[in-house]
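Asker:
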Amino acid sequence: MSAKNSGTFTIGGDLPVTRLGYGAMQLTGPGVWGDPKDPYEAVRVLRRAVELGVNLIDTADAYGPFVADLLIKKALHPYADDLVIATKAGFTRQGPGEWIPVGRPEYLRQQVELSLRHLGVDRIDLLQLHRIDPKVPVAEQVGELKKLQDEGKIRHIGLSEVTVGELHEAQKTAEIVSVQNLFNLANRDAEPLLEHATEHGIAFIPWFPLATGALAGPDSPLTALAKEHDASPSQLALAWLLKRSPVVLPIPGTSSVAHLEDNVAAADIELSAAEFDALGEAV
Numbered sequence: 016m017s018a019k020n021s022g023t024f025t026i027g028g029d030l031p032v033t034r035l036g037y038g039a040m041q042l043t044g045p046g047v048w049g050d051p052k053d054p055y056e057a058v059r060v061l062r063r064a065v066e067l068g069v070n071l072i073d074t075a076d077a078y079g080p081f082v083a084d085l086l087i088k089k090a091l092h093p094y095a096d097d098l099v100i101a102t103k104a105g106f107t108r109q110g111p112g113e114w115i116p117v118g119r120p121e122y123l124r125q126q127v128e129l130s131l132r133h134l135g136v137d138r139i140d141l142l143q144l145h146r147i148d149p150k151v152p153v154a155e156q157v158g159e160l161k162k163l164q165d166e167g168k169i170r171h172i173g174l175s176e177v178t179v180g181e182l183h184e185a186q187k188t189a190e191i192v193s194v195q196n197l198f199n200l201a202n203r204d205a206e207p208l209l210e211h212a213t214e215h216g217i218a219f220i221p222w223f224p225l226a227t228g229a230l231a232g233p234d235s236p237l238t239a240l241a242k243e244h245d246a247s248p249s250q251l252a253l254a255w256l257l258k259r260s261p262v263v264l265p266i267p268g269t270s271s272v273a274h275l276e277d278n279v280a281a282a283d284i285e286l287s288a289a290e291f292d293a294l295g296e297a298v
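For any residue, its number in the numbering used here is found by taking its place in the sequence shown, counting from 1, and adding 15.
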């Protein structure tokens, strides 16, 4: 069992990653706030993910805040040469479940500097604008990230939860190598962005790839099909994403080693075109 069986994709033309990654949001406490109930298990999950061939870990300053980043550093620093840590900035946190976008240049710069410190790196491989702040011109938000890139503190710039039009607007200021939007079998609203990303070789990182259990539980619409494949519903949901487009990089998150191993096993599932269509029609 290895995540490497999901294949590879090169972000920005120079950053190769295993397509099946790991999302760190669930390593925090309830409401993505505070420390996890079992920090030792969180460290075990991160180390096991890397053992299983995962070399793309997605995090954000807002997870905790900074709880996920500090756990990543504790578990994996010094980092392997091929490990890519993608993080995000642009969301402020006022409490559990509360998220307010702030895209003022000085705030984004502060958060990038803090991420560098908390992750223990000199340069962030992929910094994604967590949300576009409607109160600040896109050119100012992306422009500050471009300045940080020019200073050597950011390698590549990405966006999160955007439309094709917003992507085009951001591209006027900087090269955008990735987009991260809500996308899974049950929610395909971002199809136009995915099609655009596929056409232009931009990494598409679907967050919420398993709809937080809705596609993984015993009542999942995928249950019957999963039995036919001798697989779990979550494995089929991830296999569907991997087959959907070669630019798709799913980042399922979990706080359990057992669930992590179940997710990684999705890399071994190869769906036929007919099976892919059947899964799409089942949800």
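Where a beta carbon is used, it is the ideal one built from N, C-alpha and C, also for glycine.
Pairs of beta-carbons, one from the region 193-206 and one from the region 167-181, closer than 8 Å: are there three or more?
Answerer: Proximity of the region 193-206 to the region 167-181 meets the contact definition, three or more beta-carbon pairs being nearer than 8 Å.
Asker: With distances taken from CA atoms, which of His145, Ile115 and Ala104 is nearest Leu129?
Answerer: Ala104
Asker: Pairs of beta-carbons, one from the region 287-294 and one from the region 245-258, closer than 8 Å: are there three or more?
Answerer: yes
Asker: Report the rounded CA-to-CA distance for Tyr78 versus Leu98, giving the unit in angstroms.
Answerer: 20 Å
Asker: Would you identify the three-state DSSP class for Gly46, choosing helix, strand or coil?
Answerer: It is coil, neither helix nor strand.
Asker: Are there three or more Cβ pairs, one per stretch, closer than 8 Å when the region 234-243 is compared with the region 203-213?
Answerer: no
Asker: Taking the beta strand (DSSP E) that Thr4 falls in, what are its first and last residues?
Answerer: Because residue 4 is not part of the residues shown, which for the chain are 16 to 298, the question remains open.
Asker: Given a cut-off of 9 Å, decide if Pro221 and Leu35 are closer than it, judged by their beta-carbon atoms.
Answerer: no
Asker: Helix, strand or coil for Gln156, going by three-state DSSP, please let me know.
Answerer: helix
Asker: My parser needs the alpha helix (DSSP H) runs of 4 or more residues fully inside the region 196-257; what are they?
Answerer: 206-215 and 238-244
Asker: Can you confirm whether the region 46-58 touches the region 18-29 when touching is taken to mean that 3 or more C-beta pairs between the two stretches lie within less than 8 Å?
Answerer: Contact fails: fewer than three Cβ-Cβ distances are below 8 Å.
Asker: Which residues in the same chain have their Cβ closer than 8 Å to the Cβ of Thr269, if we skip the five residues on either side of it in sequence?
Answerer: Gln41, Val60, Leu275 and Asn278
Asker: Counting C-beta neighbours from all protein chains within 10 Å, is the total for Ala101 16 or more, i.e. buried, or is it exposed?
Answerer: Around the Cβ of Ala101, a 10 Å sphere holds 16 or more other Cβ atoms; the residue is buried.
Asker: Let me know if Pro111 comes out buried or exposed under the rule of 16 or more other beta-carbons within 10 Å of its beta-carbon.
Answerer: exposed
Asker: Quick one: is Arg146 buried, meaning 16 or more other Cβ sit within 10 Å of its Cβ, or exposed?
Answerer: buried
Asker: Return the CA-CA distance between Asp84 and Tyr94, expressed in angstroms with no decimal places.
Answerer: 13 Å
Asker: Please state the DSSP three-state secondary structure of Ile172.
Answerer: strand
Asker: For the candidate residues Asp148, Pro207 and Thr74, whose alpha-carbon lies nearest to that of Ile139?
Answerer: Cα-wise, what sits closest to Ile139 is Thr74.
Asker: Nearest to Glu66 by alpha carbon, out of Val32, Glu56, Thr107 and Ala18?
Answerer: Ala18
Asker: Buried or exposed: Pro207, going by 16 or more other Cβ atoms within 10 Å of its Cβ?
Answerer: exposed
Asker: Only counting the same chain, and skipping five residues up and downstream in sequence, which positions put a Cβ closer than 7 Å to that of Val262?
Answerer: Answer for Val262: Phe24, Ala212, Thr213, Gly216, Ile217, Ala218 and Phe219, listed in chain order.
Asker: If you scan the region 111-144 from start to end, which runs of the alpha helix (DSSP H) of 4 or more residues do you find wholly inside it?
Answerer: Within the region 111-144, complete alpha helix (DSSP H) segments of at least 4 residues are found at 120-134, given in chain order.
Asker: Spatial neighbours of Ala282 within its chain, please: CB distance less than 6 Å, with the 5 preceding and 5 following residues excluded, ordered by chain position.
Answerer: The answer, listed in chain order, is Ala18, Asn20, Ser21 and Leu35.
Asker: Taking the alpha-carbon of Ala289 as reference, which of Ser260, Trp255 and Ala273 has the nearest alpha-carbon?
Answerer: Closest option to Ala289, Cα to Cα, is Trp255.
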